[in-house]
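The structure appears below as structure tokens.
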Amino acid sequence: MNTSEKTLAALRQHLHETALLESTMALLEWDEHTGMPDRAGDYRSEQLMLLSGFVHQRKTDPRIGEWLDELSTSDLSADPYSPVGALIRCVRRDYDRNVRLPESLIKHLAKATSLGQQVWVKAKRDNDYAAFQPSLHEIISLRREEASLLASDGEPLYDALLDQYEEGAKSKDVASVFEKLRDALIPWVRNAQETAQQAGPSSVEGVFDIEAQRTFSRWVAKKIGFDFERGRLDETVHPFCTTLGPHDHRILTRYSDSSFSTGLYGVLHEAGHGMYEQGLEPDWYGTPVATAASLGVHESQSRLWENSVGLSRPFWDWCMPEARKLFPSLEAVAIDRWVRDLNRVQCSLIRIEADEVTYNMHILIRFELEMGLIARDLNVADLPEAWSDKYQNYLGIRPPNDALGVLQDVHWSAGLIGYFPTYTLGNIYAAQLYEAADRELGGVGRLVAKGEFAPLLAWLREKVHRFGRRYPPMELIEKATGNAFSSDALIRHLRTKLA
Ligand SMILES: [Zn+2]
Numbered sequence: 024m025n026t027s028e029k030t031l032a033a034l035r036q037h038l039h040e041t042a043l044l045e046s047t048m049a050l051l052e053w054d055e056h057t058g059m060p061d062r063a064g065d066y067r068s069e070q071l072m073l074l075s076g077f078v079h080q081r082k083t084d085p086r087i088g089e090w091l092d093e094l095s096t097s098d099l100s101a102d103p104y105s106p107v108g109a110l111i112r113c114v115r116r117d118y119d120r121n122v123r124l125p126e127s128l129i130k131h132l133a134k135a136t137s138l139g140q141q142v143w144v145k146a147k148r149d150n151d152y153a154a155f156q157p158s159l160h161e162i163i164s165l166r167r168e169e170a171s172l173l174a175s176d177g178e179p180l181y182d183a184l185l186d187q188y189e190e191g192a193k194s195k196d197v198a199s200v201f202e203k204l205r206d207a208l209i210p211w212v213r214n215a216q217e218t219a220q221q222a223g224p225s226s227v228e229g230v231f232d233i234e235a236q237r238t239f240s241r242w243v244a245k246k247i248g249f250d251f252e253r254g255r256l257d258e259t260v261h262p263f264c265t266t267l268g269p270h271d272h273r274i275l276t277r278y279s280d281s282s283f284s285t286g287l288y289g290v291l292h293e294a295g296h297g298m299y300e301q302g303l304e305p306d307w308y309g310t311p312v313a314t315a316a317s318l319g320v321h322e323s324q325s326r327l328w329e330n331s332v333g334l335s336r337p338f339w340d341w342c343m344p345e346a347r348k349l350f351p352s353l354e355a356v357a358i359d360r361w362v363r364d365l366n367r368v369q370c371s372l373i374r375i376e377a378d379e380v381t382y383n384m385h386i387l388i389r390f391e392l393e394m395g396l397i398a399r400d401l402n403v404a405d406l407p408e409a410w411s412d413k414y415q416n417y418l419g420i421r422p423p424n425d426a427l428g429v430l431q432d433v434h435w436s437a438g439l440i441g442y443f444p445t446y447t448l449g450n451i452y453a454a455q456l457y458e459a460a461d462r463e464l465g466g467v468g469r470l471v472a473k474g475e476f477a478p479l480l481a482w483l484r485e486k487v488h489r490f491g492r493r494y495p496p497m498e499l500i501e502k503a504t505g506n507a508f509s510s511d512a513l514i515r516h517l518r519t520k521l522a
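Dropping the structure here:
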């Protein structure tokens with residue numbers, strides 16, 4: 024081993040031990056959301072606080088800076104896209120970011136967002152925006168301060184926040200791609216709303232035995248390729264996916280006996296996230312080479328399986344016979360009608376209940392508002408009115424109160440600003456990836472109708488998963504699909520669906 028190889032080994036050992044700590048935290052958090060007794064909460068948050076302090080110390084350890092300085096002049100960093108070169112580039116990016124933020128600001132933000140979420144819960148319950156306004160004001164000021172420490176010269180502050188979740192994304196580019204999508208969606212959404220009002224009761228609503236839903240969802244997750252030898256499926260209140268080690272991926276869902284979609288589509292979504300994590304290189308676990316490219320790319324994997332595959336006609340041609348064995352009432356429902364009901368478009372006030380088409384509108388509204396807040400074009404005091412006006416203009420509905428409007432999401436109270444756009448970026452990437460896979464595999468629908476999912480998963484592994492963070496997200500999508508980042512594929516997909 025020469026000197027730079029020794030330095031690289033020291034850096035990798037450091038990252039490995041940090042990953043051991045972080046995955047231990049993830050296990051504690053997984054337990055908190057699955058089986059932890061109510062009264063265990065205080066001790067659990069002490070455990071997590073102590074561990075997160077250790078993790079922060081390790082991530083700002085000055086030795087990382089020294090190792091990076093040495094490695095940046097060695098041959099190892101010559102190719103920024105090779106595994107080692109990308110590792111050096113990404114660790115540098117993360118380290119510089121971590122050391123630029125003073126500990127006092129990090130502590131202040133942690134406190135403001137922890138209190139902010141508690142205040143938000145009460146404000147939402149009491150429909151009292153005024154009670155939440157001071158907390159939100161403080162959180163936005165702190166995140167602006169953070170952004171001003173991170174932004175490069177002349178860069179909009181919002182970009183420094185967006186960059187944290189979506190490396191290299193610029194608000195100007197994202198906004199122009201989103202505007203094109205918004206302008207395409209507005210007339211469709213209005214039309215669909217009129218059709219929906221004439222439609223009768225939905226076959227997707229009814230009584231569906233929960234035990235049968237569990238059996239069916241697990242069967243589907245296994246068939247599409249979620250590896251249960253390296254993962255588990257459990258239940259929780261707010262579904263999520265977490266990774267506890269290179270061979271330990273947990274997905275969580277919830278079931279409702281009155282809605283078929285909640286459980287199955289929750290599982291398809293989380294299994295999409297889980298299969299991405301299972302496709303990262305286990306030997307590089309704990310390094311950027313085996314970390315998801317971005318939140319948007321992560322979301323593209325969940326949306327691709329949930330929407331592009333799971334809501335399609337070929338998917339139901341394949342799985343309806345199995346579904347009818349478990350849910351005898353489906354014998355009386357034609358596949359055509361079932362698929363149409365699953366894909367119903369209806370303007371609603373609540374983001375998390377929105378269909379595939381209107382969902383993006385909810386995101387575009389939040390993106391426009393939070394950019395306004397960070398740029399100081401919009402005052403926190405005027406936010407509820409601005410929110411309602413946008414719902415009126417884009418979706419044709421106005422929230423009757425703030426609980427059903429501006430107070431509905433936890434994100435801003437948790438300090439997550441610049442995070443919302445990654446949901447629609449995920450939908451956009453998913454449509455681009457699906458189109459490319461469809462072209463290269465000679466028709467994904469043809470395979471799905473036969474229950475053959477392995478070629479699609481292998482394509483995603485080859486084009487996306489195995490690279491981790493080696494390419495910034497938009498470069499990765501362009502490399503995988505041959506097309507630059509654009510909402511055209513999503514617009515085409517939604518237009519076909521609506522027709
Ligand atoms: Zn997701």
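In terms of our numbering, the sequence shown is residues 24 to 522.
Built from N, CA and C at the ideal position, the CB exists for glycine as well.
Y494 sits away from L318, with the two beta carbons spaced by 7 Å or more. The Cβ-Cβ distance between S510 and I440 does not fall below 7 Å. Apart from sequence neighbours up to five positions away, the residues of its chain that approach L110 with a beta-carbon distance below 7 Å are T310, P311, V312, ordered along the chain. The secondary-structure analysis by DSSP pairs R493 with nothing; it has no beta-bridge partner.
If you keep only unbroken beta strand (DSSP E) runs of at least 3 residues inside the segment 68-148, you get nothing at all. Residue state for S279 is assigned as strand, using DSSP reduced to three classes. Take A355, set aside five residues on each side of it, and no residue of its chain has a beta-carbon closer than 6 Å to its own. Of all C-beta pairs linking the segment 276-289 to the segment 230-243, three or more are shorter than 8 Å, placing the two stretches in contact. Counting only residues of its own chain and dropping the five nearest sequence neighbours on each side, Y181 has a CB closer than 6 Å to the CB of S194, M394, I397. Under the 10 Å beta carbon count, M24 is surrounded by fewer than 16 other beta carbons and is classified as exposed.
Set against 6 Å, the gap from the CB of S325 to the closest heavy atom of ligand 1 is smaller. E93 has its Cβ no nearer than 6 Å to any heavy atom of ligand 1.
With a cutoff of 6 Å, E322 counts as near ligand 1, since its C-beta is closer than that to a heavy atom of the ligand. Ranked by how close their Cα comes to the Cα of D405, the residues A170, T381, H160 have H160 in first place. In this structure, the alpha-carbon of E69 lies about 49 Å from that of Q216. Taking 7 Å as the cut-off, the beta carbon of G254 is found closer than this to the beta carbon of H272.
Secondary structure at D232: coil, using DSSP grouped into helix, strand and coil.
The segment 219-230 and the segment 342-361 touch, with no fewer than 3 CB-CB distances between them shorter than 8 Å. Take V332, set aside five residues on each side of it, and the residues of its chain with a beta-carbon closer than 7 Å to its own are F338, V471, in chain order. DSSP places D511 inside the alpha helix (DSSP H), whose first and last residues are 511-521. The segment 422-440 makes contact with the segment 140-154; the number of CB pairs closer than 8 Å reaches 3 or more. DSSP, read as helix, strand or coil, puts T265 in strand. DSSP lists no bridge partner for G468.
With fewer than 16 other beta carbons inside 10 angstroms of its own, K134 counts as exposed. With respect to the C-alpha of Y118, the residue from Y414, D102, L132, G88 having the closest C-alpha is G88. Exposed is the label assigned to N416, since fewer than 16 other Cβ atoms lie within 10 Å of its Cβ. According to the DSSP secondary-structure assignment, R273 is paired through a beta bridge with R255, T265. Selection L303, D257, H37 evaluated against H79 yields H37 as nearest (Cα-Cα).
Assignment of G64 by DSSP, reduced to helix, strand and coil, places it in the helix class.
Across the structure, H292 and C264 are spaced so that their CA atoms are roughly 9 Å apart.
Around the Cβ of M72, a 10 Å sphere holds fewer than 16 other Cβ atoms; the residue is exposed. Nearest to A33 by C-alpha distance, out of Y152, A357, L94, is L94.
Nearest neighbour of S352 by Cα position, chosen from H261, R336, D232, T314, turns out to be D232. Residue state for I386 is assigned as helix, using DSSP reduced to three classes. If you ignore the 5 residues before and after L387, its C-beta comes within less than 6 Å of the C-beta of F201, R205, all in its own chain and listed in chain order.
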